[in-house]
Structures are given as C-alpha cells and as structure tokens.
Ligand code: GLA
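Residue numbers (this note's numbering): 1142 to 1489.
The structure is reproduced here in structure tokens:
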C-alpha cells in the first residue's frame, strides 16, 4: 500500500509504502529509503515497532541521525574527506569534524528515491532507484543505484544493493536501522544479548578513523564471539570506548567478503523473546551502540531517545578503505557491478 507521508521543506512529496509478509510489517519512505517502522510479534503475539524513527517527514529532514536510512554513496567515514584514485585527488563533502561521514552533507539518506512495488512468487518488496550525478558530494562518476527491499514468505527482510558507474569511483552502501527488539521507546538495549562472528576489529583514532591495525577482540569490549549482553561490552574499561562514548567500531568478520550472504550476528532480547539474525556478503559490520542519542529526539511513542536506547549493525566494507590499500577494496569501475546483500531473519 502506498500513501502520501508528507512533504519536504522544498515541497517535494514523500510517500510511504506498507508491506506485510510472514508476520513482519515494514514501512518504507521514498525519502532516504528510510525504514520508518518495522513491526514484529513477541512471544505472546504482541506487535511492536523495533526500529527507532519519527512520525513526520519534518523530523526526518530536520534532525535524523540516519534513523532507518539507506546510506551512501560511502557508508562510514573517509579521513579528511579525501582520497586518491587512479592518480586523481578527490575532495568530498565533509560533515563529521574533518571527515566525510555517510556520503557527506546530503548523502543518499537525504534524497528522494524512485520506488516501485514488486512481487515475486510468495515474496513482496520494493525496488528503490536513484542516479547520483558525477561529482555529487565530490564523488566521481555517475552512479546508477538499485536497492531491493524484500519481505520473504517467512518474514525475513532482505536488502540487495546494486550499482554501476561511468567513471572509476568508490561505493559502500549500507542501512542504518536502530534496533531495539523490545520496541522503540522501551528503554536501553544493554540487556540485549549479542553474538558477532568477528575475531578482529579496526581500532580508531579520536576522529573514529581506523588506525590501520586489525586488532584481536580477545580481552576487549568488542569480543562478542560468545553471546554477551551489550552492557557487558560497554562496561569494560578500554580507551577505545572513550573516542565514541561507547562502541562505534567496525568488526572484521571472520568469514570475509563472500559471494553469498553468510550468518554473522545474532541479537536477542530476553524480555520480549524477539531475535534478529543477520547474514551478509560484506566483510565488516559497524556496531554502533547509540551513543549520541541524548534525549533531544522523541520517537513516535512519545518517549525521548537516550544513550543506549538502540544499536545499529551496519554491514559494510571497512571505514576509510579508499585510503587503506590493505583493506578490501571499495573501488567500482565502468563495466563492473557493485553488489551487496544483507538478510535480517526474525524469530522468537
Ligand atoms: C554511524 C557513525 C556514528 C554516528 C551515527 C549517527 O553509526 O559511525 O559515529 O555518526 O552513525 O549518529
């Protein structure tokens, strides 16, 4: 179902699509490809929206910290907003101190996408399309992007990203859902139990740029190889947690970059019984523990969002890869196709 959701400050209309399949209910905006609501049943069949967001387009446009957004052209940070490709220097839009974050001041999360509803067999879904002009936010190449959101028969939410270019460029697309499996506004996620199949992580400097080291997670807050509560990780004394007021780090997935999505993480809320299993083709995941939520933003349920009220698991290539030749490459060339898939499987 498609309905008018609101309009941007410049008058552009924003629509909202509602999908339901296999017990999962998903609401998506044409603005930023934003997941505005994702509803799941708990162990007694009670539905709750498990992703932070807003009721109005005005709030999304004014001050959203990427709630539910489709992030691009480059998810995560690029140091100083600079990189060199094939001998040419590029300068990107800088929006996070000295660095470029999530595609710059007007990334893919702040653009209106063309959305088309699709059904394939028992699955329902949306195809989101957008062409990013050569030079947009400083990135080279016209990037033709197609992102498919599928709700499968069993209620999984699958994202397939695809992009092509007419000039050598860099791409790193992801999604920025803020999860709280007890329901948005239910309070802290510190009791959620998390497992991530990553033995290493990328330590960062004060600006959250990787130092280049791939450090072992053993004896650090980033060791989620065995199920552990989010709070347990956050309470460890470690100078890395001071840079980002908590966890805001890229974990290096043991499986590496894969052709097919492989299981990498499980999140479980003991109070509701809801679980999320994540599978991806990507080599990394940014685990962000909602550190910058400070009570100024209020969700649809009327509750203010405070630090730790949600967490993000952004599947991705590593931050600052364009300046780190030793990291898996984010370069896309004409003739090639960027592909990335992430599957969210829900259970009780
Ligand atoms: C990403 C970043 C964080 C923060 C959030 C939005 O997850 O890594 O540092 O910027 O987005 O607040």
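Here a beta-carbon is modelled for each residue, glycine too, at the ideal position from N, C-alpha and C.
Every value quoted in this text rests on a predicted model; they were computed, and no experiment measured them.
If I measure Cβ to Cβ from residue i and keep anything under 6 Å in the same chain, skipping five residues before and after, which residues do I get?
i, result
"residue 1422", "1399, 1402, 1481, 1482"
"residue 1468", "1459, 1462"
"residue 1334", "1368, 1370, 1409"
"residue 1226", "1309"
"residue 1184", "1414, 1489"
"residue 1158", "1143, 1169, 1267"
"residue 1085", "The question about residue 1085 has no answer here: the residues shown for the chain are numbered 1142 through 1489."
Do you know whose CA, among the options, lies nearest residue i's CA?
i, options, result
"residue 1324", "1382, 1415, 1287, 1358", "1415"
"residue 1429", "1412, 1478, 1391, 1439", "1391"
"residue 1312", "1322, 1330, 1285", "1285"
"residue 1217", "1295, 1314, 1157, 1224", "1314"
"residue 1395", "1358, 1381, 1147", "1358"
"residue 1256", "1142, 1473, 1298", "1142"
"residue 1477", "1307, 1376, 1289", "1307"
"residue 1342", "1374, 1393, 1276, 1366", "1393"
"residue 1302", "1178, 1240, 1290, 1230", "1290"
"residue 1434", "1424, 1446, 1442", "1446"
"residue 1189", "1450, 1364, 1326", "1326"
"residue 1419", "1455, 1436, 1234, 1431", "1455"
Decide if residue i is buried, meaning its Cβ has at least 16 other Cβ atoms within 10 Å, or exposed.
i, result
"residue 1202", "buried"
"residue 1220", "buried"
"residue 1427", "buried"
"residue 1192", "buried"
Is the Cβ-Cβ distance between residue i and residue j less than 9 Å?
i, j, result
"residue 1386", "residue 1457", "no"
"residue 1155", "residue 1167", "no"
"residue 1253", "residue 1259", "no"
"residue 1147", "residue 1199", "yes"
"residue 1347", "residue 1405", "no"
"residue 1484", "residue 1300", "yes"
"residue 1246", "residue 1261", "no"
Return the chain-ordered list of same chain residues with a C-beta closer than 8 Å to the C-beta of residue i, the five sequence neighbours on each side being excluded.
i, result
"residue 1332", "1370, 1371, 1372, 1410, 1411, 1412"
"residue 1465", "1351, 1353, 1459"
In its own chain, which residues sit with a C-beta less than 7 Å from the C-beta of residue i, not counting the 5 before and 5 after it?
i, result
"residue 1296", "1162, 1163, 1164, 1165, 1487"
Answer yes or no: the CB of residue i versus the heavy atoms of the ligand PLP, is any distance below 8 Å?
i, result
"residue 1458", "For the structure depicted, the ligand PLP is absent and the ligand set comprises only the ligand GLA."
Quick one: complete beta strand (DSSP E) runs, 3+ long, within the stretch 1161-1204? As far as the stretch 1161-1204 is concerned, its whole beta strand (DSSP E) runs of at least 3 residues are 1165-1170, 1176-1182, 1188-1190.
What are the uninterrupted segments assigned as beta strand (DSSP E) that are 3 or more residues long and contained completely in the stretch 1229-1315, given in chain order? Annotation: the stretch 1229-1315 contains the following complete segments of the beta strand (DSSP E) (minimum length 3 residues), in chain order: 1229-1232, 1255-1261, 1264-1273, 1284-1292, 1298-1306.
Identify every run of the beta strand (DSSP E) within the stretch 1330-1354, keeping only runs that are complete inside it and at least 3 residues long; order them along the chain. For the stretch 1330-1354, whole beta strand (DSSP E) runs of length 3 or above, ordered along the chain, are 1334-1337, 1339-1343.
Which residue spans inside the stretch 1421-1460 form an unbroken beta strand (DSSP E) run of at least 3? Complete beta strand (DSSP E) runs here, min 3: 1425-1429, 1435-1439, 1445-1447, 1453-1457.
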